[in-house]
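Asks:
Number of protein chains: 2
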Amino acid sequence: MTEALWEPSSLPSSAAVDYDGRVTDCATCVVRNRAICASLDADELALLGKLGRRQRVKAGHTLLWEGDDAPVVANVLDGVLKLVVAAADGREQIVGIVFPSDFIGRPFGKESPYSATAMTDAEVCIFNRKSFDEFASAHPDLQHKLLRRTLDELDRARHWMMLLGRKSASEKVASFLLEMSERLSGQGCNAGTRSGFELPFGRQQIADILGLTIETTSRQLTKMRADGLLDLPSRREIVINDRAAMEDMAG
Amino acid sequence: MTEALWEPSSLPSSAAVDYDGRVTDCATCVVRNRAICASLDADELALLGKLGRRQRVKAGHTLLWEGDDAPVVANVLDGVLKLVVAAADGREQIVGIVFPSDFIGRPFGKESPYSATAMTDAEVCIFNRKSFDEFASAHPDLQHKLLRRTLDELDRARHWMMLLGRKSASEKVASFLLEMSERLSGQGCNAGTRSGFELPFGRQQIADILGLTIETTSRQLTKMRADGLLDLPSRREIVINDRAAMEDMAG
DNA sequence: CGCTGCTTTGATTCGTATCAATAGCAGTGG
DNA sequence: CCACTGCTATTGATACGAATCAAAGCAGCG
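Chains as they are written, first to last, in our numbering: chain A, 6 to 256; chain B, 6 to 256.
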């Protein structure tokens with residue numbers, strides 16, 4: 006059913022993947038110091054590099070399919086991906102957003118519990134899951150990093166459960182904007198205090214993150230603009246004018 | 006603000022804690038083979054035992070408070086606890102249910118991101134967080150177990166996000182009953198095929214798990230009984246009559 | 001037996017989804 | 001440069017599901 010992106014032999018030259026080479030330059034990797042690889046010394050890094058492969062993924066393409074046996078895990082070098090759980094009738098819930106230096110996939114378990122799809126053009130450093138599992142088992146520091154990351158993700162997911170289960174539409178949107186403002190300002194070269202940022206995705210995806218419809222999401226944003234809480238210079242840009250009021254609204 | 010249950014010096018004899026002794030019998034522990042401790046050999050176990058302390062927690066008492074510096078982690082020996090995230094105005098969302106052999110707390114981080122409260126009388130094996138962190142860092146196998154457990158929890162949480170964000174009340178209740186049926190049948194001495202089980206908590210707590218109100222929850226259960234999907238022999242007992250229909254309904 | 005707290009049931013309101021149409025923007029080709 | 005096309009977002013009217021408000025049942029317990 007799926008043209009597996011991670012299967013070299015199945016890659017047509019026109020596919021989402023532009024190149025597919027062994028990783029030889031972990032030492033100069035853009036996320037070298039932020040990704041889990043940061044736990045490794047030069048020798049270990051070289052070893053892991055042999056297992057990894059760089060790969061580009063075009064916006065909209067899916068790296069991992071929910072329910073499929075997923076023989077890969079990956080680090081994100083660039084771009085933004087979403088983790089999606091879908092129901093049979095097409096309803097979707099985004100259960101995670103993956104930024105550069107974040108880790109994707111399910112080590113130590115074969116079925117991927119969700120799909121991972123690129124929301125922007127992206128670049129990932131991909132590993133065969135079995136090799137990665139073995140490597141991780143032999144490198145406690147790596148495993149430790151992974152554990153910390155997973156614990157953080159779990160905390161984040163649980164807070165999101167509160168939002169999904171108990172917050173109103175306006176609270177959801179406000180909470181979302183504040184969190185995105187934080188997570189996105191870490192990236193890029195934003196001059197610190199600016200409260201403007203560009204979302205890497207559209208309204209429908211915001212709706213899928215918040216458990217709302219696109220219409221409700223749009224209405225809430227329009228209302229916030231009317232109330233002067235924010236500006237919407239373009240479709241994907243957000244400028245928060247009144248952060249205090251926004252925090253108030255987030256509940 | 007909180008009479009910390011894990012602070013020996015603050016324990017009045019009438020408190021939730023009945024006794025408070027060093028653990029000396031890990032080898033005969035009821036959850037010995039299921040908890041993360043299963044990764045340890047006899048020597049290591051003895052060492053960890055020195056760090057641990059058994060403690061009883063009465064139903065309704067809180068072991069960890071959201072936002073507090075939480076100097077402890079624990080294994081659950083007996084009983085059921087809930088993990089709760091609360092809003093300023095009192096709304097609550099249960100973000101996790103903790104059964105015997107499960108692990109509670111946030112290693113490698115000080116603020117507890119949620120409260121942990123006993124739903125039934127419970128018994129836990131408690132550790133000072135710092136000591137536990139150190140012990141874990143020195144024992145890769147333990148850390149590995151913990152990682153696997155955390156990954157499982159994350160998967161579970163993410164699936165729950167789908168339920169909270171996208172499912173209707175009837176789908177929520179059906180999904181909940183099916184999951185509880187599974188998780189509870191592992192425990193106790195249920196004769197396998199029986200589809201009846203006793204929930205360790207009341208209607209309000211079901212509502213807090215599903216992101217519903219108690220009234221809606223009650224109405225859904227009543228309707229399912231009327232439709233013959235299940236029986237409700239007593240307040241906390243559930244007998245699923247038509248599992249297929251229930252799975253259908255869970256969406 | 002009569003509390004007390006939990007659960008069920010009923011009437012009504014309110015928020016969000018749904019359905020439907022319009023508006024705005026980005027890319028394409030005349 | 002501007003009309004055309006397709007897609008995404010906004011806006012409006014309405015319907016529906018779940019929350020809320022209110023009251024009555026029902027168990028367990030002194």
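For every residue, glycine included, the Cβ atom is placed at its ideal position computed from N, Cα and C. These numbers were taken from a predicted model, which means no experiment stands behind them.
1) Quick one: what's got a C-beta closer than 8 Å to E5(B)'s C-beta in the same chain, skipping five residues either side?
2) If the criterion is Cβ atoms closer than 8 Å, does the pair A250(A) and L237(A) meet it?
3) Considering I211(A), what are the terminal residues of the alpha helix (DSSP H) in which it resides?
4) Using a Cβ-Cβ cut-off of 8 Å, state whether M124(B) counts as contacting chain A.
5) What are the partner residues of V244(B), as DSSP defines its beta bridges?
6) Can you give, in chain order, each stretch of the beta strand (DSSP E) that sits fully within the stretch 64 to 93 of chain B and has at least 3 residues?
7) Please name the residues in the stretch 130 to 147 of chain B whose beta-carbon is closer than 8 Å to at least one beta-carbon of chain A, in chain order.
8) Under 8 Å by Cβ, that's how I've got V90(B) and E116(B) pegged, so tell me the actual separation to the nearest angstrom.
9) For R248(B), which of E242(B), Q60(B), S186(B) has the nearest alpha-carbon?
10) Residues bridged to F132(B) by DSSP?
11) If I'm right that S142(B) touches H66(A) with Cβ under 8 Å, what's the distance once you round it to whole angstroms?
12) If I follow the unbroken beta strand (DSSP E) through G101(A), where does it start and stop?
13) What are the start and end residues of the alpha helix (DSSP H) that includes S223(A)?
14) Here's a check: name, in chain order, each residue in its chain whose Cβ is nearer than 6 Å to the Cβ of Q98(A), leaving out the five neighbours to either side.
15) DSSP has E139(A) in a bridge; who is on the other side?
16) Is S173(A) buried or exposed, if buried means 16 or more other CB atoms sit within 10 Å of its CB?
17) Output, in sequence order along the chain, the residues in the stretch 151 to 176 of chain A whose CB is closer than 7 Å to any CB in chain B.
18) On the three-pair Cβ rule with 8 Å, is the stretch 115 to 135 of chain A touching the stretch 154 to 165 of chain A?
19) Taking the alpha-carbon positions, what's the H164(B) to R61(B) distance?
20) If you draw a straight line from the alpha carbon of D30(A) to that of G54(A), how long is it in whole angstroms?
21) Could you tell me if K87(A) is buried or exposed, where buried requires 16 or more neighbouring beta carbons within 10 angstroms of its beta carbon?
22) Give every residue of the same chain whose Cβ lies closer than 6 Å to the Cβ of A40(B), excluding the five residues on either side of it in the sequence, and list them in chain order.
23) If S200(B) sits next to V244(B), beta carbons under 8 Å apart, how far is it from one beta carbon to the other, in whole angstroms?
24) Along chain B, which residues have their Cβ under 7 Å away from the Cβ of Q98(A)?
25) Using three-state DSSP, classify V62(B) as helix, strand or coil.
26) L56(B) and L159(A) look like a contact to me (Cβ under 8 Å); what is the Cβ gap, rounded to whole Å?
27) So which residues on chain A does G114(B) lean against when the C-beta distance must stay under 9 Å?
28) Could you confirm whether any beta carbon from chain B is found closer than 8 Å to the beta carbon of G256(A)?
29) With a threshold of 7 Å (Cβ to nearest heavy atom), would A93(A) be considered close to the ligand SAH?
30) With distances taken from CA atoms, which of G114(A), G95(A), C130(A), S223(A) is nearest F1(A)?
31) Please look up how many angstroms separate the CB atoms of G110(A) and A75(A), rounded, as I've assumed it's under 8 Å.
32) Determine, for G101(A), whether the minimum Cβ-Cβ distance to residues of chain B falls below 8 Å.
33) Residues of chain B with a CB under 8 Å from the CB of R111(A): which are they?
34) How is S190(A) classed by DSSP in three states: helix, strand or coil?
35) If you draw a straight line from the C-alpha of G170(A) to the C-alpha of R96(B), how long is it?
Replies: This is what the structure holds:
1) Limits of chain B in this structure are 6 at one end and 256 at the other, which puts residue 5(B) out of reach.
2) Sequence index remark: in the first sequence, residue 250(A) carries index 245 (1-based). Sequence index remark: in the first sequence, residue 237(A) carries index 232 (1-based). For A250(A) and L237(A), no; Cβs fall outside 8 Å.
3) For the purposes of this step, residue 211(A) is taken as the residue at position 206 of the first sequence. First-last of the alpha helix (DSSP H) with I211(A): 208 to 215.
4) Residue 124(B) sits at position 119 when you count from the first residue of the second sequence. False, the Cβ-Cβ gap to chain A never drops below 8 Å.
5) Against the second sequence, residue 244(B) aligns to sequence position 239. Paired residue(s): G201(B), D236(B).
6) 67 to 69, 77 to 83, 86 to 91
7) Cβ contacts with chain A come from S142, P145.
8) As a working note, residue 90(B) is residue 85 in the second sequence. As a working note, residue 116(B) is residue 111 in the second sequence. The Cβ separation is near 13 Å, so there is no contact.
9) For the purposes of this step, residue 248(B) is taken as the residue at position 243 of the second sequence. The shortest C-alpha separation from R248(B) is found at S186(B).
10) The residue given as residue 132(B) occupies position 127 in the second sequence. For F132(B), the beta-bridge partners assigned by DSSP are G57(B), V78(B).
11) Here residue 142(B) refers to the residue found at position 137 when the second sequence is read from its first residue. Here residue 66(A) refers to the residue found at position 61 when the first sequence is read from its first residue. Rounded, the Cβ-Cβ distance is 39 Å, inconsistent with contact.
12) Here residue 101(A) corresponds to residue number 96 of the first sequence, with the count starting at 1. Taken as a continuous stretch (DSSP letters only), the beta strand (DSSP E) holding G101(A) covers 97 to 103.
13) Here the question's residue 223(A) lines up with position 218 in the first sequence. Looking at the DSSP string, the run of the alpha helix (DSSP H) that includes S223(A) is 219 to 231.
14) Within the first sequence, the letter at position 93 stands for residue 98(A). These residues qualify, in order along the chain: V90.
15) Taking the first residue of the first sequence as 1, we reach residue 139(A) at position 134. None, per the DSSP bridge assignment.
16) Here the question's residue 173(A) lines up with position 168 in the first sequence. Result: exposed.
17) L151, L152, R153, T155, L156, E158, L159, D160, A162, R163, H164, W165, M166, M167, L169, G170, R171
18) no
19) Working through the second sequence from its first residue, we reach residue 164(B) at position 159. Working through the second sequence from its first residue, we reach residue 61(B) at position 56. The straight-line gap from Cα to Cα measures roughly 31 Å.
20) Along the first sequence, read from residue 1 onward, the residue named residue 30(A) stands at position 25. Along the first sequence, read from residue 1 onward, the residue named residue 54(A) stands at position 49. Answer to the nearest angstrom: the Cα atoms are 8 Å apart.
21) Here residue 87(A) corresponds to residue number 82 of the first sequence, with the count starting at 1. Answer is buried; the Cβ neighbour count reaches 16.
22) Within the second sequence, residue 40(B) is the residue found at index 35, counting from 1. Contacts found: N80, S106.
23) For the purposes of this step, residue 200(B) is taken as the residue at position 195 of the second sequence. For the purposes of this step, residue 244(B) is taken as the residue at position 239 of the second sequence. 6 Å between Cβ atoms; contact.
24) Within the first sequence, the letter at position 93 stands for residue 98(A). The answer, in chain order, is M166, M167, G170, R171.
25) For this step, residue 62(B) is matched to residue 57 along the second sequence. Three-state result, V62(B): strand.
26) For the purposes of this step, residue 56(B) is identified with residue 51 of the second sequence, where counting begins at 1. For the purposes of this step, residue 159(A) is identified with residue 154 of the first sequence, where counting begins at 1. So it is not a contact: roughly 24 Å between Cβ atoms.
27) Residue numbering aside, residue 114(B) sits at position 109 when the second sequence is read from its first letter. Near G114(B) (Cβ distances below 9 Å), the residues of chain A are R153, L156, D157, D160.
28) For the purposes of this step, residue 256(A) is taken as residue 251 along the first sequence, with counting starting at 1. With its beta carbon less than 8 Å from one in chain B, G256(A) belongs to the interface.
29) Absent from the structure shown: the ligand SAH. Ligands present: none.
30) Here chain A has residues from 6 to 256 only, and residue 1(A) is not among them.
31) Here the question's residue 110(A) lines up with position 105 in the first sequence. Here the question's residue 75(A) lines up with position 70 in the first sequence. Yes, G110(A) and A75(A) are in contact; Cβ-Cβ is about 6 Å, under 8 Å.
32) As a working mapping, residue 101(A) is identified with position 96 in the first sequence. So, interface residue.
33) Position 106 of the first sequence, counted from the first residue, corresponds to residue 111(A). Within 8 Å Cβ-Cβ: L156, D160.
34) For the purposes of this step, residue 190(A) is identified with residue 185 of the first sequence, where counting begins at 1. It is helical.
35) Looking up residue 170(A) in the first sequence gives position 165. Looking up residue 96(B) in the second sequence gives position 91. Inter-residue distance for G170(A) and R96(B) is about 10 Å (C-alpha atoms, whole angstroms).
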